[in-house]
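Worksheet for the structure shown next.
Numbering (this note's numbering), first residue to last: 1320 to 1822.
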């Protein structure tokens, strides 16, 4: 196992692509994304952390996607399609994209976005373009399954593959070939969408890298049951002969839920994956290493041990911990990621084995300042306990904003935080937390954009174990001012987190 080199001392901001401002109902890979890169550069930030980029399904969570490889078509920027001559302004203005510029309207996107993209598809000459053909060839290992899956899914009323006719559900060759021949135009549409997503993504990433900004991507450890990944390779998941899950993923009762979190994702058959040298994981990680400069593996704990809940259960109270692939998977990942780096999301039920593997691999773990003030000076999330090779956050997308956290924290937590941070007032705590994290020895400090704006929990991204109202927050146009950039730059400079290409 090769050991990853530590990060240089730096800082970054967490802002999902979906949270960027745009007139089209959701953030896109267009002008506002480039403007945010410019803001990061002016603010002395070396990293832009995002959430998973995959197409979202029911519930709108980026952690439940139709593919571990595909990009979210909602993010394809209509203005860039206009510049290519694939749409005209009247096409875009014919649709309503939602009434609140600070919240994603997923229903409007679901109702209209693909109609707009189909217009662009019909106006294109993509099949004759060398670049399109090369994209399809280079990405055939995932694109073919994904495009077929989405076309068939539409054909059967958007149902998951579990509810398709048996022959198609179980990928019987003759029946599948016949249906795909009928759906070949629809299959090509989904390839067209991915071509334009990746065309726009690659241009944005190149611009960010030229500006000295690197992208931290986020990949869920598990894939959704309603996905091309599971449908096309059922033998690699814990499914029965009919393709139904035997056991599913989750976590035991925790601070978010007394019943635990029942994620419902199918679990891997790790022994089967090991037999073929973890081929799927190698393809996934090599693909991610092209998309991102740094890859955060969500729920890294699951590499060492995973929580298994019988599929018949309605909560996660009575699952069991089972052994994961450990260093064997890490060795396979190391073989394919090249210069990309990894961050291990090691929050939750961390065991000594998890820590040992992370340290052997050299991956930085995570510290959360919002979990630092509830148990006295021995709390490992307090800055005086940090090691260099870690990433400190205020909170993640699953947590309160800093302002929201201290608004609802109990008196004991607030009192200790004020004492530790030498704050006279409760109101000053969010800024003091950011300053303490920046001053710490942690190689990398990353805070949500909401925290630099001082926003309360109305700007919270996700509340685990709840349905509805999540993944919606968007940045208000005009708030990324030169004054704010200078304040963040001065903080970054004061605590030695500027890198050469951000000075």
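All C-beta atoms, glycine included, are put in the ideal place defined by N, C-alpha and C. As the structure is a prediction and not an experimental result, all values here were calculated from the model.
Worksheet item: With 16 as the cutoff for other CB atoms within 10 Å, does residue 1385 come out buried or exposed?
Response: buried
Practice prompt. Determine which residues share a DSSP beta bridge with residue 1767 and list them.
Written response: 1333
Discussion item. Once the 5 residues before and after residue 1498 are set aside, which same chain residues still bring their CB inside 8 angstroms of it?
Written reply: 1471, 1474, 1487
Worksheet item: Below 8 angstroms between beta carbons: does that hold for residue 1677 and residue 1665?
Response: yes
Worksheet item: CB residue 1687 to CB residue 1712, shorter than 8 angstroms?
Response: yes
Worksheet item: Name the DSSP beta bridge partners of residue 1616, please?
Response: 1538, 1663
Worksheet item: Which residues bound the beta strand (DSSP E) around residue 1442?
Response: Looking at the DSSP string, residue 1442 is not in any beta strand (DSSP E); the run it does join, the alpha helix (DSSP H), is 1425-1442.
Fill in: Straight-line Cα distance separating residue 1636 from residue 1576
10 angstroms
Worksheet entry | Beta-carbon proximity of residue 1392 to residue 1507, cut-off 8 angstroms | no
Item to complete: Tell me where the alpha helix (DSSP H) around residue 1526 begins and ends.
Response: 1503-1529
Fill in: Sequence-distant residues of the same chain with beta carbon closer than 7 angstroms to residue 1585, five excluded per side
1544, 1549, 1556, 1557, 1558, 1564, 1567
Worksheet item: Is it buried or exposed for residue 1689, if we count other Cβ within 10 angstroms and need 16 for buried?
Response: buried
Discussion item. For residue 1368, list the residues DSSP reports as bridge partners.
Written reply: 1333, 1535
Item to complete: Per DSSP, which residues does residue 1802 bridge with? Please list them.
Response: DSSP output for residue 1802 lists no bridge partner at all.
Worksheet item: With contact counted as at least three CB pairs below 8 angstroms, one residue from each stretch, are the region 1782-1796 and the region 1734-1748 in contact?
Response: no
Worksheet item: Between residue 1801 and residue 1423, what straight-line distance do the alpha-carbon atoms span, to the nearest angstrom?
Response: 26 angstroms
Fill in: Host beta strand (DSSP E) of residue 1624 (start-end)
1624-1629
Discussion item. Measuring alpha carbon to alpha carbon, tell me which residue in 1673, 1718, 1733, 1662 is nearest residue 1693.
Written reply: 1733
Worksheet item: How would you write the range of the beta strand (DSSP E) that residue 1592 sits in, first residue to last?
Response: Segment 1589-1594 is the alpha helix (DSSP H) holding residue 1592; no beta strand (DSSP E) there.
Item to complete: Look up residue 1640 in the DSSP assignment and give the residues it is bridged to.
Response: 1626
Practice prompt. Rank 1616, 1653, 1339 by C-alpha distance to the C-alpha of residue 1798 and give the top, closest one.
Written response: 1339
Fill in: Cβ neighbours of residue 1639 in the same chain (closer than 6 angstroms, five flanking residues each side left out)
1627
Worksheet item: Pick from 1820, 1775, 1769, 1779: whose alpha carbon is nearest that of residue 1803?
Response: 1769
Discussion item. Could you tell me the alpha carbon to alpha carbon distance between residue 1379 and residue 1371, rounded to whole angstroms?
Written reply: 12 angstroms
Worksheet item: Can you tell me where the alpha helix (DSSP H) with residue 1737 in it begins and where it stops?
Response: 1730-1740
Worksheet item: Looking only at DSSP bridge pairs, what is residue 1686 linked to?
Response: 1711
Item to complete: Would you mind working out which of 1411, 1613, 1592, 1603 sits nearest residue 1342, comparing C-alpha positions?
Response: 1411
Worksheet item: By Cβ distance below 8 angstroms, which residues in the same chain neighbour residue 1661 in space, the five residues on each side in sequence not counted?
Response: 1323, 1613, 1614, 1615, 1616, 1652, 1680, 1682
Worksheet item: Ends of the alpha helix (DSSP H) at residue 1671?
Response: 1671-1680
Worksheet entry | Limits of the unbroken beta strand (DSSP E) element including residue 1568 | 1566-1570
Item to complete: Would you identify the three-state DSSP class for residue 1585, choosing helix, strand or coil?
Response: strand
Practice prompt. Grab me the residues of residue 1607's own chain with a C-beta within less than 7 angstroms of its C-beta, minus the 5 sequence neighbours each way, in chain order.
Written response: 1536, 1538, 1614
Worksheet item: When we look at the beta-carbon of residue 1510 and count the other beta-carbons within 10 Å, is it buried (16 or more) or exposed?
Response: buried
Worksheet item: If you drop the 5 nearest sequence neighbours on each side, which residues of the same chain put their C-beta closer than 8 angstroms to that of residue 1479?
Response: 1472, 1544, 1545
Practice prompt. Would you kindly report the start and end of the unbroken alpha helix (DSSP H) that includes residue 1651?
Written response: 1646-1653
Worksheet item: What are the boundary residues of the alpha helix (DSSP H) that includes residue 1395?
Response: Note, residue 1395: premise wrong, no alpha helix (DSSP H); not H, not E.
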